[in-house]
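The sequence shown: position 72 = 72 (the numbering used here), numbered continuously.
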Amino acid sequence: MKKALLLIPALVYVFISCSKKNDKPLRYFEVGISSQQENWRDTSFVVATSNEQLIAKISEQLKKPVAQRQIVTGELVKGNGGYNKNASHSFGWHFKEDNWALTDMSIEIYDGRAYSDLDLNPNYWFNQMKRFAPWSSYIKREISKP
């Protein structure tokens, strides 16, 4: 009985610790596409993160000329996350907030267009690719939640 009584506070502590939400609010960034696009919906999309290291890296990237900025790469999640839009168009996907990064390069199979490839062929991207890394992408600017 004493062991059970000692176990209760430990379980309560674990439950509270595991159920805490991340205190850090998400910050939102518009991703631009530097190559010419036929469809306006392919020209930008929005990513979000609360990762302080990634936010610091983004701040450094924004000081550089567009041609020197890294590309975005991330794990795809269904739905727009409440923020992934380009003007009036809401995308059917977003990057998982804790699983995207900036990189110098990516393999070609992850290259694509936000609307013309991902939105128009979601089964292929969600079931086979699972990641997206458009080669001409760059962080354009920080924005308020769309």
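The beta carbon of each residue, even a glycine, is placed where N, CA and C say it ideally should be. From a predicted model like this one, the values you see are computed outputs, not experimental measurements.
The segment 120 to 139 and the segment 20 to 39 touch, with no fewer than 3 CB-CB distances between them shorter than 8 Å. The DSSP assignment places complete beta strand (DSSP E) segments of no fewer than 3 residues inside the segment 23 to 77 at 27 to 33 and 44 to 49, in order along the chain.
Taking LYS96 as reference, the option from THR73, SER44, GLN37 and SER106 with the minimal CA-CA separation is THR73. ALA114 carries a helical assignment under DSSP once its states are collapsed to helix, strand and coil. Under the three-state reduction of DSSP output, ILE109 falls in the helix class. Remark: C-beta atoms of ASN84 and PHE126 do not approach each other more closely than 7 Å. Taking C-alpha positions only, VAL66 is separated from GLU108 by approximately 21 Å. Counting along the chain, ASN127 sits inside no beta strand (DSSP E), nor does DSSP assign it H or E at all. With contacts defined as CB atoms closer than 7 Å, SER88 and ASN39 fail to qualify as a contacting pair.
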